[in-house]
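> Residue numbers (my numbering), protein chains in the order written: chain D, 158 to 868; chain R, 292 to 370.
Note that the Cβ used here is the ideal one computed from N, Cα and C, for glycine as well.
Computed from a predicted model, the values in this text were never measured in an experiment.
Dropping the structure in here first, questions after.
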């Protein structure tokens, strides 16, 4: 490795949401971005390294902020980045929204940090015939201002040069402080007291504590109760001191912002908004708007559902072929062979199969977000979701969960309020995903359609899809009242003007989300599928196989002429495996649901992925593992299976019970792993698994109870 | 007359002014930080079919908020 000439510098990109910050970040860093997590919170840390001259510069895409007085986790994290003293803060300001952006800028300026401004969306102004005087703005602010139209790569070079210049010679803003004098005075006297006891705290931090916007300082002053008390006293005094108006500070900042904006902007004529307005008239029209919304959502859903299918089949085909290709090479070591083919390769395949859905969903989310439509969709859907404690932004995550909960949970990132986000993540897997379809089709094909006809079969399929949605409503209601802590944030949503999505942003979003998923999958999910494989494989020995064969030749072959010796051996092996034994051990627990050990073992075997239940049933009913939901043999085996006392194993009710169980259970390790990542906690996925399994179990028991009452 | 935003009858196209903010918690602070300071004029652009949320235009941008979450915002009709 080459020794670096200079140590790495840090540049923080800060700005309002929708200011073009991420587009600018993407233009600067491209695919070199790294996605991590800030410790302890669910906020992602997105950064990328660029080289400027001989400097290595880490650019951090700080979560969007309207104000430095944080109320959400995202904002607290953003504040933390600023407090970690980056070498330079680049405030991203979008020109059409200059006035509101200057509010945040005034707070940044007050901190006395090295600062510069990147002015985005000047092309919007030009289109409207407006002009902005950047050198005047730079003079008024006391820091450098550079215009950049990132998606056209205009001005990116200049921005990089400006960053370089400001890293060498940092500038700090010269604008006056907006804090009421009384607070500033108190803050400076408290600062002196703290210095005397050896604590160097910035004055702005103390002022924040006095104005009540941050409790972090107070928490740190636990050991100095008298100083903490002084801050609290100053805070209680504050309203009296500041002329009774707690919002005077903001009003002053806006008065200044509006003055600066007037000085730097010269209006030509109105134009850009009016195009956007005309589009909006149609897209949020009371009648057409709703129809268009349904149409777009249908397109999104259908695409995740069907466009992904060929890719998913391809991945499945490849992993199968890879297994077939590798198997002969390992035939001398059957344990290794099975571990690699049935454990590792099948595990990787079952994980990769979700990748197409994730990439497709994030294509649509990036397009909808980049065009400004996502905010309108949230506006239209808010009332529908708001009354049970979610908000309009939860719609897309929940809708896409009907295809697959994994991208759905990842998409919950569009919800800034961490409490609503968590509620959305926790109920997303209740939506009936496509992996449940094989179970439904198998059970309906065997028990509903032959007895009640296709109309009832269709109804049963619909009812199963509806069940999770129906259950989700009370679940959210209870979560919001009993489980989720923390303050719910108000639903505030900026509606940016419509524009063409930036294709670089779209493809980077797809790439990064895909990468995040594969990173998770590459570790936890594959490890889990190997563990389940081992539990199904061991203990196994030649002696046992001999014993199964003699069993078959002795009595079974004549009693069941339809069975082949191989599938009998396979069935006996799973029956005697650790998982099979466990399935038998917990059989009594499933008795209230009317399931015997065969169903309970299939449920256990399907722990990593619920769709595995169909091939598992295939093995358990001695039909071999290559059974799918359309298999007539498997249907027949299920319909004719008997309990030891001769009664049928599955009735229509039990079949419905199995479907209800799989509709409500959380048997998808990929979902749990992604929930762990997105909630940054092991407790929430455990909670998810616990409550869903309980619901699934109770649901199946309830169906069995109905059977005993009416059946 | 000034009345809380949550109870003021609103229709698209009407203009109003913030006349008083009767709370100082983090929720009201956020609205103020987004530009709804006392004296700010805004236009009601859209009212969702069931009365909530609403879309308003202020300081050159558009903001969607729930009326029932803005009962501390007293407004008066303008013009």
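To the nearest angstrom, how far is it from the Cα of residue 232/D to the Cα of residue 491/D?
Here residue 232/D refers to the residue found at position 75 when the first chain is read from its first residue. Here residue 491/D refers to the residue found at position 334 when the first chain is read from its first residue. Computed Cα separation, rounded: 55 Å.
> In the DSSP assignment, find the beta strand (DSSP E) that holds residue 231/D and state where it starts and stops.
As a first step, residue 231/D must be located in the first chain, where it is residue number 74. Counting along the chain, residue 231/D falls outside any beta strand (DSSP E), though it belongs to the alpha helix (DSSP H) covering 230-240.
> Does chain D have any CB closer than 9 Å to the CB of residue 298/R?
As a first step, residue 298/R is located in the second chain; it is residue number 7 there, counting from the start. No, its Cβ sits nowhere closer than 9 Å to a Cβ of chain D.
> Reducing DSSP to helix, strand and coil, say where residue 164/D ends up.
Residue 164/D sits at position 7 when you count from the first residue of the first chain. Coil, per DSSP.
> With distances taken Cα to Cα, identify the nearest neighbour of residue 248/D among 255/D, 262/D and 239/D.
To locate residue 248/D, count along the first chain from 1; it is residue 91. The candidate whose alpha carbon is nearest that of residue 248/D is 262/D.
> Using the C-alpha atoms, what's the distance from residue 793/D back to residue 787/D?
Taking the first residue of the first chain as 1, we reach residue 787/D at position 630. Taking the first residue of the first chain as 1, we reach residue 793/D at position 636. Taking the straight line from one Cα to the other gives about 11 Å.
> Hey, does residue 228/D have any beta-carbon neighbour from chain R nearer than 9 Å?
What you label residue 228/D is simply residue 71 of the first chain in a count that begins at 1. At least one chain R Cβ lies under 9 Å of residue 228/D.
> In chain order, what residues of the same chain have a beta carbon less than 6 Å from the beta carbon of residue 729/D, not counting five sequence neighbours either side?
Stepping through the first chain from its first residue, residue 729/D is reached at position 572. Only 705 meet the Cβ criterion.
> Going by beta-carbon coordinates alone, are residue 831/D and residue 635/D separated by less than 9 Å?
Stepping through the first chain from its first residue, residue 831/D is reached at position 674. Stepping through the first chain from its first residue, residue 635/D is reached at position 478. Contact: no.
> Could you tell me if residue 754/D is buried or exposed, where buried requires 16 or more neighbouring beta carbons within 10 angstroms of its beta carbon?
Counted from its first residue, the first chain places residue 754/D at position 597. Buried: at least 16 other Cβ atoms inside 10 Å.
> May I ask you to report which of helix, strand or coil DSSP gives residue 313/R?
To locate residue 313/R, count along the second chain from 1; it is residue 22. Three-state result, residue 313/R: coil.
> From residue 256/D to residue 421/D, what distance separates their C-alpha atoms?
Numbered from its first residue, the first chain carries residue 256/D at position 99. Numbered from its first residue, the first chain carries residue 421/D at position 264. Rounded to the nearest angstrom, the two C-alpha atoms are 10 Å apart.
> So which residues on chain R does residue 650/D lean against when the C-beta distance must stay under 8 Å?
Here residue 650/D is taken as the residue at index 493 of the first chain, counted from 1. Correct list: 344, 354, 355 and 356.
> Which residues share a DSSP beta bridge with residue 611/D?
Counting from one through the first chain, the residue named residue 611/D turns up at place 454. Its beta-bridge partners do not exist; DSSP assigns none.
> Consider the Cβ of residue 295/R: report whether some Cβ of chain D lies at a distance smaller than 9 Å.
Counting from 1 along the second chain, the entry for residue 295/R is found at position 4. Chain D, which has no Cβ nearer than 9 Å to the Cβ of residue 295/R, makes this no.
> Which residues in chain C have a C-beta closer than 7 Å to the C-beta of residue 337/R? List them in chain order.
In the structure shown, chain C does not exist; the protein chains are D and R.
> Could you tell me which whole alpha helix (DSSP H) segments of length 4 or greater appear in the segment 634-660 of chain D?
With a minimum length of 4 residues, no continuous alpha helix (DSSP H) run stays inside the segment 634-660 of chain D.
> Which residues in the same chain as residue 209/D place their Cβ atom closer than 7 Å to its Cβ, once the five residues preceding and following it in sequence are excluded?
The sequence position of residue 209/D within the first chain is 52, counting from 1. So the qualifying residues of the chain are 317, 320 and 321.
> Hey, would you say residue 516/D sits closer than 9 Å to residue 667/D, going by beta carbons?
Position 359 of the first chain holds residue 516/D. Position 510 of the first chain holds residue 667/D. Result yes, Cβ atoms of residue 516/D and residue 667/D sit closer than 9 Å.
> Under 8 Å by Cβ, that's how I've got residue 270/D and residue 246/D pegged, so tell me the actual separation to the nearest angstrom.
The count along the first chain starts at 1 and reaches residue 270/D at position 113. The count along the first chain starts at 1 and reaches residue 246/D at position 89. Their Cβ separation, rounded to whole angstroms, is 5 Å, which keeps residue 270/D and residue 246/D in contact under 8 Å.
> Quick one: grab the DSSP three-state call for residue 778/D.
Counted from its first residue, the first chain places residue 778/D at position 621. Coil, per DSSP.
> Find the residues of chain D that neighbour residue 301/R, judging by a C-beta separation of less than 7 Å, and give them in chain order.
What you label residue 301/R is simply residue 10 of the second chain in a count that begins at 1. The contacting residues do not exist; residue 301/R stays about 15 Å from chain D at best.
> At what residue ranges does the segment 655-724 of chain D contain a whole run of the alpha helix (DSSP H), taking only runs of 4 or more?
For the segment 655-724 of chain D, whole alpha helix (DSSP H) runs of length 4 or above, ordered along the chain, are 660-677, 683-694 and 699-708.
> Residues of chain D with CB closer than 9 Å to the CB of residue 325/R, please, in chain order.
If you number the second chain from 1, residue 325/R lands on position 34. Near residue 325/R (Cβ distances below 9 Å), the residues of chain D are 223, 224, 257, 260, 649 and 651.
> So if I threshold CB-CB distances at 8 Å, which residues from the segment 568-587 of chain D count as touching chain R?
The residues in question: there are none.
> Rounded to whole angstroms, what is the Cα-Cα separation between residue 835/D and residue 520/D?
As a first step, residue 835/D is located in the first chain; it is residue number 678 there, counting from the start. As a first step, residue 520/D is located in the first chain; it is residue number 363 there, counting from the start. Between residue 835/D and residue 520/D, the C-alpha separation is close to 19 Å.
> For residue 544/D, count neighbouring C-beta atoms within 10 Å of its own C-beta (all shown protein chains included) and say buried if the count is 16 or more, exposed if not.
Numbered from 1 along the first chain, position 387 holds the residue referred to as residue 544/D. So residue 544/D counts as exposed.
> So, does the CB of residue 276/R fall closer than 9 Å to a CB anywhere in chain D?
Past the edges of chain R, shown from 292 to 370, lies residue 276/R, and the structure says nothing about it.
> Keeping to the same chain, check which residues put their C-beta closer than 7 Å to that of residue 702/D; ignore five residues upstream and five downstream.
Against the first chain, residue 702/D aligns to sequence position 545. Here the set comprises 726.
> In chain order, which continuous runs of the alpha helix (DSSP H) of length 4 or greater are located wholly inside the segment 169-213 of chain D?
Counting only runs of 4 or more, we get 178-186.
> Any beta carbon from chain D within less than 9 Å of residue 322/R's own beta carbon?
Mapped onto the second chain, residue 322/R falls at position 31. By this cut-off, residue 322/R is an interface position.
> Would residue 310/R pass as an interface residue toward chain D - the criterion being a Cβ-Cβ separation below 9 Å?
One-based indexing of the second chain puts residue 310/R at position 19. Chain D, which has no Cβ nearer than 9 Å to the Cβ of residue 310/R, makes this no.
> Can you say whether residue 627/D is buried or exposed, counting buried as having 16 or more other CB atoms within 10 angstroms of its CB?
Working through the first chain from its first residue, we reach residue 627/D at position 470. Under this definition residue 627/D is an exposed residue.
> Checking 9 Å against the spacing of the C-beta atoms, do residue 757/D and residue 746/D come in under that value?
Along the first chain, one-based indexing puts residue 757/D at 600. Along the first chain, one-based indexing puts residue 746/D at 589. It is a contact, given that the beta carbons lie within the stated cut-off.
> Run through DSSP, which three-state label would residue 767/D get?
The residue labelled residue 767/D in the question sits at position 610 within the first chain. Correct three-state label for residue 767/D: helix.
> Against residue 351/R, what residues of chain D qualify as contacts under a CB-to-CB distance less than 9 Å, listed in chain order?
Here residue 351/R corresponds to residue number 60 of the second chain, with the count starting at 1. Neighbours of residue 351/R on chain D, chain order: 253, 254, 255, 256, 257, 418 and 430.
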